[in-house]
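Participant:
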Amino acid sequence: MTDPKTPVGWQTHDGIAVITINNPPVNATSQAVRAGLKSAVEEANADPAIRAIVIACAGRTFVAGGDIREFGRPPEPPILFQTCDVIEASGKPVVAAIHGTALGGGFEIALASHGRIAMPDTRFGLPEVKLGLVPGAGGSQRLPRLGGLPLALDLATSGRMIEAREALDRGIIDRLASGDLLGEAIAFARKMAGQPPRRTCEIPVPAFDRPEIDKQVEAIERKARGQQSPGEAARLVLAAPDIDVPEGVAREREAFMRLMETDQCKALRHIFFAEREVAKVPGLEGMEATRVSNIGIAGAGTMGSAIAVAAADAGFAVTVVEQDAAAASQGREKIEAIYARNLKSGRIDQSTMDKRLATIQTGHDFAAFAKCDLVIEAVFDEEDIKRALLERLSRVVGEDAIIATNTSYLDPDGLAVAVSHPERFVGMHFFAPANIMRLMEVVRTATTAPQVLATALAVARKMRKLPVVTGVCEGFIGNRIYTKYRQQCEFIVEEGALPHEVDAAMEGLGLPMGPFRVFDLSGLDIAWAMRKRQAATRNPADRYYHVADRLCEMGRFGQKTGAGYYLYKDGVREIDPAVTEMIKAASREKGIARRTFEAREIRERVIAAMVNEGFKTLADGVALRESDIDLVFVNGYGWPAWLGGPMFQGRLMGLDKVVALVREMEQRDGSAFAVAGGLRAAAETC
Ligand code: COA
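Quick note, my numbering runs 169 ahead of the 1-based positions in the sequence shown.
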């Protein structure tokens with residue numbers, strides 16, 4: 170009864186049909202799985218020798234959801250909800266034997282079954298919302314019936330997973346297996362045989378507290394910040410108490426198909442695959458990372474102390490060294506302050522805080538680095554300081570230790586000269602706050618050995634970061650492209666839009682904060698200092714924006730000084746007419762006739778500038794792929810995942826249009842804005 174060509178087969182175990190899904194890697198519900206599962210349940214029902222049915226999966230996990238690769242193509246029958254209907258309608262009891270992750274369609278298959286038994290480390294979730302979708306096979310209707318409305322609302326709108334223990338406590342599953350999942354599932358099915366199946370669709374949604382639910386929905390909408398799917402999922406779950414499952418599933422289906430075509434859903438699918446692609450680094454195939462258990466951090470400033478927390482949270486032993494006792498004790502205070510905040514917010518409990526703090530050693534004796542497998546330098550971003558430190562580190566660290574730099578703007582190839590084993594030198598560019606931000610740019614220098622790169626990536630992943638490999642260039646991937654974003658926003662201000670108009674345009678796209686608000690928040694003085702340093706080497710033919718310099722000359726460094734692009738009075742942001750006048754005067758002086766800008770034009774121009782620079786990073790080999798660039802912006806620069814990142818937005822806009830806009834930039838703004846060859850070629854092949 171098991172056809173080796175199909176991913177679903179079934180065998181009889183003394184009157185119990187065991188249906189096995191075997192569709193590696195994650196048993197996604199491809200058409201063959203949906204069809205095979207449906208037929209197997211029908212066949213088992215038709216076979217008089219069968220008394221009950223078990224659905225199990227081979228390999229690492231129970232069904233982890235719909236096959237995302239099939240999304241966007243016309244669905245081929247049977248649709249998963251039809252398979253689930255057949256399972257639920259089965260006259261013979263069906264038990265789902267669950268291990269690994271029962272996600273999306275997998276969870277829905279389990280919910281449509283009549284009994285559920287799971288390994289204790291199983292996790293359950295409805296992650297469709299994270300792909301811009303809603304459950305499509307009854308999840309929003311059956312889960313409230315088993316687990317109650319508040320939990321269903323939470324899971325369907327957040328995509329978060331719950332552990333088997335919680336699923337058991339909430340009545341979503343019936344049993345935890347103690348070891349032999351299949352044997353115990355068969356025994357469970359045998360016990361249910363002969364009894365009328367307990368159909369989820371026949372269970373009423375348990376009573377709930379309406380005002381509490383209203384509050385929960387409000388919070389969901391606030392948190393969604395422009396993303397459509399959480400609100401859609403909430404509406405479906407909220408309808409469950411008043412409609413029957415077939416009606417609810419029909420509504421799900423309508424929403425699912427509609428959302429599938431949205432740009433948000435396409436963007437989120439793009440990000441899903443981007444996150445899997447980014448781990449594939451040419452030259453590192455099959456490369457084993459070196460074992461790292463003790464991480465050293467040189468420098469306990471804001472960055473160093475946050476890196477220490479990230480490392481301790483990941484289970485590393487951490488050694489932090491500062492230049493003297495006073496600096497070391499200040500560093501310790503910073504680390505303790507981060508933990509105190511985490512404790513206060515409920516992110517950790519007291520015993521976790523104590524344990525983690527105990528794994529962090531702080532001091533001012535450089536010799537303490539001798540025991541570290543990896544030392545990350547996080548001192549002031551200045552060439553001479555970093556070089557001196559790296560030379561000193563080289564003398565102290567062990568034979569095989571790796572040294573990493575956290576520089577943002579210095580040239581790691583230049584810094585590599587200061588270390589005694591440049592092959593064991595790599596960049597680990599954390600984003601502030603380093604214990605929170607998910608992005609890490611891992612910088613491959615000209616001399617970094619492949620195994621060292623593989624180790625840095627493994628350490629980053631253990632810290633639950635998303636590492637993106639970058640080559641060496643000014644600003645690496647993120648800050649290099651961000652510079653073009655910044656410039657274009659500034660030029661638009663010079664040409665006629667006011668800062669708040671540019672902010673509104675970018676916030677309208679979906680960014681949480683417009684550029685000028687960000688500049689004010691992070692302070693205008695750092696970029697000013699950098700511009701002054703670069704003044705001598707700047708190409709005089711390139712367009713230069715003077716407004717930021719003028720603001721700094723006026724002592725307006727942003728929010729911290731109460732004034733920048735905006736005026737801040739008691740924490741309230743206001744448009745400052747003096748700045749508006751200054752901007753207009755700056756345009757006049759340059760002979761620029763100011764004009765009005767539509768929000769759409771602002772957005773398109775800004776994205777075009779980013780995409781063009783993105784193609785240049787690809788041509789230089791700094792970025793490996795377009796999707797890596799998108800991940801940088803989604804994980805390090807506050808871009809919501811549902812925008813897909815700047816490169817994705819460029820493709821949505823159409824690369825022809827991007828080329829046309831960049832041509833205008835080249836003419837208007839100078840050779841630094843020349844159209845990237847790769848962009849032109851990509852536009853032609855589109
Ligand atoms: N459809 C198609 N392919 C999928 C998939 C899905 N639903 N889920 C995972 N895969 C693929 C991945 O692309 C990857 O392929 P690759 O090896 O060719 O790159 C492979 O399966 C392994 O996935 P990965 O995420 O690297 O493994 P993991 O063990 O870290 O995580 C999961 C496993 C199931 C937790 C994770 O893949 C996941 O969350 N998948 C999405 C689940 C989902 O959203 N389902 C609902 C769809 S509506």
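Where is the CB? At the ideal position from N, CA and C, for every residue including glycine.
1) Does the Cβ-Cβ distance between ALA527 and ALA497 come in under 8 Å?
2) Taking only runs of the alpha helix (DSSP H) that begin and end inside the stretch 641 to 681, which ones reach a length of at least 4 residues, in chain order?
3) Does the beta carbon of ILE237 fall short of 7 Å from some heavy atom of the ligand COA?
4) At the level of alpha carbons, what is the spacing between SER840 and LYS785?
5) Would you call the CB atoms of MET751 and VAL716 closer than 8 Å?
6) Would you kindly check if the distance between the Cβ of ALA218 and the Cβ of VAL177 is under 8 Å?
7) May I have the straight-line CA-CA distance separating VAL803 from ALA810, to the nearest angstrom?
8) I'd like to confirm the pairing. Which residues does DSSP put opposite ARG242 in its beta bridges?
9) Say the cut is 7 Å; is the CB of THR326 nearer than that to a heavy atom of the ligand COA?
10) Does the beta-carbon of THR171 have 16 or more other beta-carbons within 10 angstroms, so that it is buried, or is it exposed?
11) Look at ILE117 and ALA603 and say whether their C-beta atoms are less than 8 Å apart.
12) Could you check the C-alpha separation between LEU206 and ILE278 for me, to the nearest Å?
13) Let me know the secondary structure DSSP gives VAL386 once reduced to three states.
14) Give the range of the beta strand (DSSP E) segment to which GLN530 is assigned.
15) GLY640 and ARG764 look like a contact to me (Cβ under 8 Å); what is the Cβ gap, rounded to whole Å?
16) Spatial neighbours of ALA539 within its chain, please: C-beta separation below 8 Å, excluding the five flanking residues on both sides.
17) Using the rule of at least 16 other Cβ atoms within 10 Å of the residue's Cβ for burial, across every protein chain shown, is GLY790 buried or exposed?
18) Quick check on DSSP: helix, strand or coil for THR311?
19) Could you tell me which residues DSSP puts in a beta bridge with LEU543?
20) Give me the DSSP bridge partner(s) of GLU610.
21) Whose C-alpha, out of LEU579, ASN214, ASP236, HIS268, is nearest the C-alpha of ILE256?
22) Measuring only the C-alpha atoms, how far is ILE744 from GLU551?
23) Distance check for ARG774 and GLU835, CA to CA, integer angstroms please.
24) Here's the rule: buried if 16 or more other CB atoms are within 10 angstroms of the residue's CB, otherwise exposed. What is ILE605?
25) At the level of alpha carbons, what is the spacing between LEU622 and LYS634?
26) Cβ atoms of LEU295 and LEU315: under 8 Å apart, would you say?
27) Ordered along the chain, which non-local residues of its own chain (more than five positions away) have a Cβ less than 6 Å from that of PRO636?
28) Cα-Cα, which of PRO375, CYS370, GLU381 is closest to PRO415?
29) Tell me whether MET361 sits in a helix, a strand or coil according to DSSP, three-state version.
30) How about PRO399: is its Cβ closer than 7 Å to a heavy atom in the ligand COA?
Facilitator: Taking the structure as given:
1) Here residue 527 is taken as the residue at index 358 of the sequence shown, counted from 1. Here residue 497 is taken as the residue at index 328 of the sequence shown, counted from 1. Going by C-beta atoms, ALA527 is not nearer than 8 Å to ALA497.
2) 645 to 664, 668 to 678
3) Taking the sequence shown and counting its residues from 1, the one referred to as residue 237 is at position 68. Yes, the beta carbon of ILE237 sits closer than 7 Å to at least one heavy atom of the ligand COA.
4) Translated into the one-based positions of the sequence shown, residue 840 becomes position 671. Translated into the one-based positions of the sequence shown, residue 785 becomes position 616. Answer to the nearest angstrom: the Cα atoms are 13 Å apart.
5) Residue numbering aside, residue 751 sits at position 582 when the sequence shown is read from its first letter. Residue numbering aside, residue 716 sits at position 547 when the sequence shown is read from its first letter. Yes, these two residues count as a Cβ contact at 8 Å.
6) Stepping through the sequence shown from its first residue, residue 177 is reached at position 8. Stepping through the sequence shown from its first residue, residue 218 is reached at position 49. Not closer than 8 Å, so no.
7) Your numbering for residue 803 matches position 634 in the sequence shown. Your numbering for residue 810 matches position 641 in the sequence shown. Near 6 Å, if we compare the C-alpha coordinates of ALA810 and VAL803.
8) Position 73 of the sequence shown, counting from 1, holds the residue named residue 242. Answer is none; ARG242 lacks a bridge partner.
9) Locating residue 326 in the sequence shown gives position 157, where the first residue counts as 1. No, the Cβ of THR326 stays beyond 7 Å of every heavy atom of the ligand COA.
10) By one-based count along the sequence shown, residue 171 stands at place 2. Caution applies to THR171, whose pLDDT of 45 falls short of 50 and renders its modelled position unreliable; the model cannot decide the point.
11) Nothing can be reported for residue 117, as the shown portion of the chain is limited to 170 through 855.
12) Along the sequence shown, read from residue 1 onward, the residue named residue 206 stands at position 37. Along the sequence shown, read from residue 1 onward, the residue named residue 278 stands at position 109. If I take the Cα positions, the gap works out to 10 Å.
13) As a working mapping, residue 386 is identified with position 217 in the sequence shown. Here VAL386 sits in helix by DSSP.
14) Position 361 of the sequence shown holds residue 530. Here the beta strand (DSSP E) through GLN530 covers 529 to 532.
15) Within the sequence shown, the letter at position 471 stands for residue 640. Within the sequence shown, the letter at position 595 stands for residue 764. Rounded, the Cβ-Cβ distance is 39 Å, inconsistent with contact.
16) One-based indexing of the sequence shown puts residue 539 at position 370. So the qualifying residues of the chain are VAL565, VAL566, GLY567.
17) Along the sequence shown, one-based indexing puts residue 790 at 621. It counts as exposed.
18) By 1-based counting over the sequence shown, the position of residue 311 is 142. It should be noted that the sequence gives Arg, not Thr, for residue 311. The answer is helix: DSSP assigns ARG311 an H, G or I state.
19) As a first step, residue 543 is located in the sequence shown; it is residue number 374 there, counting from the start. According to DSSP, LEU543 bridges with ILE464, ILE571.
20) For the purposes of this step, residue 610 is taken as the residue at position 441 of the sequence shown. DSSP output for GLU610 lists HIS598, VAL637 as bridge partner(s).
21) In the sequence shown, the residue the question calls residue 256 occupies position 87. Ranking LEU579, ASN214, ASP236, HIS268 by Cα distance to ILE256 puts ASN214 first.
22) Walking along the sequence shown from the start, residue 744 turns up at place 575. Walking along the sequence shown from the start, residue 551 turns up at place 382. Going by the C-alpha atoms only, they are around 36 Å apart.
23) As a first step, residue 835 must be located in the sequence shown, where it is residue number 666. As a first step, residue 774 must be located in the sequence shown, where it is residue number 605. Taking the straight line from one Cα to the other gives about 12 Å.
24) One-based indexing of the sequence shown puts residue 605 at position 436. Classification for ILE605: exposed.
25) The sequence position of residue 622 within the sequence shown is 453, counting from 1. The sequence position of residue 634 within the sequence shown is 465, counting from 1. Rounded to the nearest angstrom, the two C-alpha atoms are 15 Å apart.
26) Position 146 of the sequence shown, counted from the first residue, corresponds to residue 315. Position 126 of the sequence shown, counted from the first residue, corresponds to residue 295. Result no, Cβ atoms of LEU315 and LEU295 do not sit closer than 8 Å.
27) For this step, residue 636 is matched to residue 467 along the sequence shown. The residues are MET609, VAL611, LEU626, ALA629.
28) Along the sequence shown, read from residue 1 onward, the residue named residue 415 stands at position 246. Nearest of PRO375, CYS370, GLU381 to PRO415, Cα basis: CYS370.
29) Sequence index remark: in the sequence shown, residue 361 carries index 192 (1-based). Note: MET361 maps to helix in three-state DSSP.
30) Walking along the sequence shown from the start, residue 399 turns up at place 230. Because no heavy atom of the ligand COA lies under 7 Å away, the Cβ of PRO399 does not count as near it: no.
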